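Student: Letter by letter, the sequence shown follows residues 1 to 104 of the UniProt record's numbering.
By construction, the Cβ of each residue, glycine as well, lies at the ideal position given by its N, Cα and C atoms.
Being a predicted model, the structure only gives us computed values, none of them experimental.
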Amino acid sequence: MSAAEEFDQIRMQFIDPLQHDYEVVRPIVLWGESAAERSRQTGVDRTVIGDKARRFVIDGMMGLADGRTQPSAGEEPIYPEAIAGYILYLKRFRRKYGCLAALG
């Protein structure tokens, strides 16, 4: 199986954008593969791959996070009331029962 086919296979399993970005840069940071080669395999622009690889080397996994979506210092995330309530419910449920069985 080629690297491009392998990437297409695992891409379907991702549940978080950071997983995608990590898998894109992993061969570059671990084995020194070129950004141009990885671009051919993944379909992601080589300049984007190079930028993500640099950020990963400097900041680790959090370097892959999109900084535009992160709350700035002192700013708390704002959730709709229903979502905030459900998050608190799950936290209490987990503390009480030690699992997330409520998600069913």
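(1) In chain order, what residues of the same chain lie with their CB nearer than 8 Å to the CB of alanine 65, ignoring the 5 residues before and after it?
(2) Return the CA-CA distance between serine 39 and tyrosine 22, expressed in angstroms with no decimal places.
(3) If you pair each beta-carbon of the region 24-39 with each one of the region 50-57, do three or more pairs fall below 8 Å?
(4) Hey, could you find the ends of the alpha helix (DSSP H) glutamine 19 is sitting in?
(5) Can you name, in chain order, every residue of its own chain whose Cβ lies under 7 Å from the Cβ of valine 24, other than the five neighbours on each side?
(6) Output needed for valine 57: all residues of its chain with C-beta closer than 8 Å, excluding positions within five of it in sequence on either side, in chain order.
(7) Measure the Cβ-Cβ separation of glutamine 13 and methionine 1 and say whether it is below 9 Å.
(8) Mapping the DSSP letters down to three states, classify aspartate 8 as helix, strand or coil.
(9) In chain order, what residues of the same chain lie with their CB nearer than 8 Å to the CB of aspartate 16, ignoring the 5 residues before and after it?
(10) What's the call for alanine 82, buried or exposed, on a 16-neighbour Cβ count within 10 Å?
Tutor: With the structure as the only source:
(1) Leu18
(2) 14 Å
(3) yes
(4) 17-31
(5) Arg38, Thr42, Val44, Ile49, Lys52
(6) Val29, Gly63
(7) no
(8) helix
(9) none
(10) exposed
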